[in-house]
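S.K.: All residue numbers for the sequence shown refer to the numbering used here, where the first residue is 596 and numbers rise by one. Glycine residues also receive a C-beta, built at the ideal position from the N, C-alpha and C atoms. Pasting in a structure now, in structure tokens, and then I'll have a few things to ask.
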Amino acid sequence: MSDMRNVNNWHWVSKDCRPWAKKYLTEQLVDLSAKKDNVNVRITSLDECNGDVDLNQRKGKLFAIYDLVLKLSWEASQHDKRAFGTIS
Numbered sequence: 596m597s598d599m600r601n602v603n604n605w606h607w608v609s610k611d612c613r614p615w616a617k618k619y620l621t622e623q624l625v626d627l628s629a630k631k632d633n634v635n636v637r638i639t640s641l642d643e644c645n646g647d648v649d650l651n652q653r654k655g656k657l658f659a660i661y662d663l664v665l666k667l668s669w670e671a672s673q674h675d676k677r678a679f680g681t682i683s
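Printed below as a string of structure tokens:
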């Protein structure tokens, strides 16, 4: 009879990392800015973060699977002009 225990995570182990990914992407993207000539552009918020972010282990090897749809809000300014929008 075989031993069905998952010793050292040899068999498939999967962890949902969506909460971590949303936090990480918010920290990295919000307030990210760029400037060219007199135009300033800045990401103001991460409005949506949907999809899958999984960290998997099989036979001692780690690999990530991710498929995300993001929606970001931005603002731009040039002198006294302003623009707002979203990126999907």
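1. Whole angstroms are fine: how far does the CA of I660 sit from the CA of I700?
2. What's the C-alpha gap between D642 and G680?
3. Taking the straight line between their C-alpha atoms, what separation do you get for L620 and Q673?
4. In three-state DSSP terms, what is K618?
5. Pop quiz: V634 and W669 are said to be a contact at Cβ under 8 Å. What is the actual Cβ separation, rounded to whole angstroms?
6. So what does DSSP say about L627, is it helix, strand or coil?
M.R.: A quick look at the data gives this:
1. The structure shown does not extend to residue 700, since the chain is modelled only from 596 through 683, so no value can be given for it.
2. Start at 1 with the first residue of the sequence shown, and residue 642 comes out as number 47. Start at 1 with the first residue of the sequence shown, and residue 680 comes out as number 85. Their Cα atoms are separated by approximately 12 Å.
3. Working through the sequence shown from its first residue, we reach residue 620 at position 25. Working through the sequence shown from its first residue, we reach residue 673 at position 78. Roughly 27 Å separates the two Cα atoms.
4. Residue numbering aside, residue 618 sits at position 23 when the sequence shown is read from its first letter. Reduced to three states, the DSSP call for K618 is helix.
5. Counting from 1 along the sequence shown, the entry for residue 634 is found at position 39. Counting from 1 along the sequence shown, the entry for residue 669 is found at position 74. By a beta-carbon distance limit of 8 Å, V634 does not contact W669. Their separation comes to about 12 Å.
6. Position 32 of the sequence shown holds residue 627. Coil.
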